[in-house]
Amino acid sequence: MASGLTALMRPALGLASRPALGWAALVLFALVVASFHAGRYPARGWPGAFWHYEKKGSDIEVPQRHARQASFREILGWWIGPWISEEEGVPDTRHYRPLTSTLFYLQYRLWGERDDLYCWLSLLLHLTNVVLVALLTAHLAGGPLWARLGLGGGAVVLFGSPWLANDTVISWELTWWPAQMDLGSLAFSLLSLILVKHFLHTGEHRWLYAAVAAFSVAVLFKEIAYVVAPMACLLALEARARWRPVAAAYGIALALLIGARLLALSGSLNTGAHFTGWPRYFALIAAPQVALLLIIKGMWPQLAGAILGVVAFVLLARTRIRLWAAAAAGALPTLAGTCFAVGHMLILFDTTALRTLLNLMTWLTAAALAIRAWRRPAVAALTVGFLLTALVVGWYPYIYAYRRYWVLALQSALVALLVAEGWDFVRSMKEWRRTVKPGEVASG
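Just so we're aligned, residue -3 is where the sequence shown starts under our numbering, counting upward by one.
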């Protein structure tokens, strides 16, 4: 993949002979761009932060109160029971997040109720995630090193730059410090996928063990990191001989983590109405709003992409050129609609789960067709992760912006890879037109 970018990026500073310099340049670029964007929030006094008000909100007040009163037994209880933000009499808040609980406790012991210092840690975690998104994208991309680094830089621009990043999501992540559970889980999840890629490349099992350890840490920050297990298994299809150890390692870790969660919470997992009643919510509320959003929010690009994606599934042809055309029909319209809807960068959706429905159809189509046409497990892994996180987020009746952070990161990497696929598609079209004689059918 990305071989078609050669003409644009030929002056690549001799990175083939100095790969460490290239990787260092990518990390530096990610840090500079993300710092330029995220640094605006502390410079302005963390605008919009809830902790500026007398009533900070239960998500801040409850963990700080528990941290202030916590004994050693209570700290241990976060590892064998619900987390630090558990509220008495509210069963739908029951979560098993021991590392998040411990992090909140340590910060309170260090800084008390100086919420601005909590936010500085959130900023550091965000910068780490921007770097990891860049590195993951570059590791998953194919082609020469400079092209892969360029795609990593593109993911940085989408995820953490002042030009295209979703300010609403980033603002929540940086000013509302309880979102550190998402920041921490994403950081170790991205690290886990990078380490899996190292294992597939080298075959050294130490990378696999480190990847599973990072995955476990991510889950102990927040349960959404479960999606890394199927992503790693799909990614391992790039080296079929090493798929079994990856699947076995992540499967065992996943079983142990789910078992620990079940034991810790004694079966009373997420019994709130927004988990048990989400199908009713979606049917009664979300479906009518789909039509409204199409009318008042300018969602026609997503609708066009979804329709073309479904049609592409139906029209899967026997010839490779038609298959590529179907893939383009499924992927390109949603890129335009998802990234530049209504003149503003909207990653996935705005305030409801409605845009998810349209995006799911299109991105799933694009991934399936990409696998058929280019056999790209990396695209499949990112797409499945994107879909699963979108489904998890879409189950909530109130989709606060911080819950979109995971989706923002995965989609930024996915868009970068699909842009490269699209470039190769254009090159392949030109080559096909030069090589295929009139009336000749290209075999698929």
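Even for Gly, the Cβ is constructed at its ideal location relative to N, Cα and C.
One Cα belongs to L123, the other to A26, and the distance between them is close to 8 Å. One Cα belongs to A134, the other to G247, and the distance between them is close to 26 Å. Contact annotation, F195 with F217: C-beta distance approximately 22 Å; criterion of less than 8 Å not satisfied. Every alpha helix (DSSP H) of 4 residues or more that sits fully in the segment 57 to 129 is shown, in chain order, as 68 to 76, 94 to 107. Excluding five sequence positions before and after W203, the CB atoms of its chain that fall closer than 8 Å to its own CB belong to L191, V192, H194, F195, given in chain order. The beta carbon of P158 sits closer than 7 Å to the beta carbons of F32, H33 from its chain, once the five residues preceding and following it are set aside; these are given in chain order.
Here E234 is buried: its Cβ has 16 or more other Cβ atoms, across all protein chains shown, within 10 Å. For P158, the secondary structure class from DSSP, reduced to helix, strand or coil, is coil. Taken atom to atom, the span from the alpha-carbon of G150 to that of T385 is near 22 Å. Looking at Y101, G18, A249, the one whose alpha-carbon comes closest to that of L131 is G18. Linking F46 to T171 through their CA atoms gives a straight-line distance of about 8 Å.
Between L261 and Y92, the beta carbon gap of about 6 Å places them in contact (Cβ cut-off 8 Å). As the crow flies, the alpha-carbon of G148 is around 45 Å from that of R69.
Shown here for A249: same chain residues with a beta carbon closer than 7 Å to its own, the five before and five after excluded, namely V208, F211, S212 in chain order. A buried status is given to Q407, since no fewer than 16 other beta-carbon atoms sit within 10 Å of its beta-carbon. W239 carries a helical assignment under DSSP once its states are collapsed to helix, strand and coil. For A214, the uninterrupted alpha helix (DSSP H) run begins and ends at 201 to 217, by DSSP. Membership of I190 in the alpha helix (DSSP H) is indicated by the continuous run 176 to 198. No Cβ-Cβ contact shorter than 8 Å links L145 with L231. When the five nearest sequence neighbours on each side are left out, the beta carbons in the same chain lying within less than 7 Å of the beta carbon of S181 are those of A214, F217, K218, I220, A221, in order along the chain. In the DSSP assignment, G18 falls within the unbroken alpha helix (DSSP H) covering 15 to 34. At a Cβ-Cβ threshold of 8 Å, A30 and V165 do not count as neighbours.
One alpha carbon belongs to A243, the other to F382, and they sit about 20 Å apart. In this structure L72 is exposed. Its beta-carbon is surrounded by fewer than 16 other beta-carbon atoms within 10 angstroms. Relative to V375, the option among V388, V411, W402 whose CA is nearest is V411.
Going by DSSP, W168 is part of the alpha helix (DSSP H) stretching over 163 to 171. Secondary structure at R372: coil, using DSSP grouped into helix, strand and coil.
Relative to the Cα of D163, the nearest Cα in the group L404, A409, L120 belongs to L404. The continuous alpha helix (DSSP H) containing V224 extends over residues 224 to 231. If you draw a straight line from the Cα of K51 to the Cα of L413, it is about 44 Å long. Between the alpha carbons of A251 and R257 lies a distance of about 10 Å. When secondary structure is reduced to three states using DSSP, G247 falls in the helix class.
In chain order, A260 place their CB closer than 7 Å to the CB of I76, counting only its own chain and leaving out the 5 sequence neighbours on each side. Under the three-state reduction of DSSP output, G139 falls in the coil class, being neither helix nor strand. With 16 or more neighbouring CB atoms inside 10 Å of its own CB, L187 falls in the buried class.
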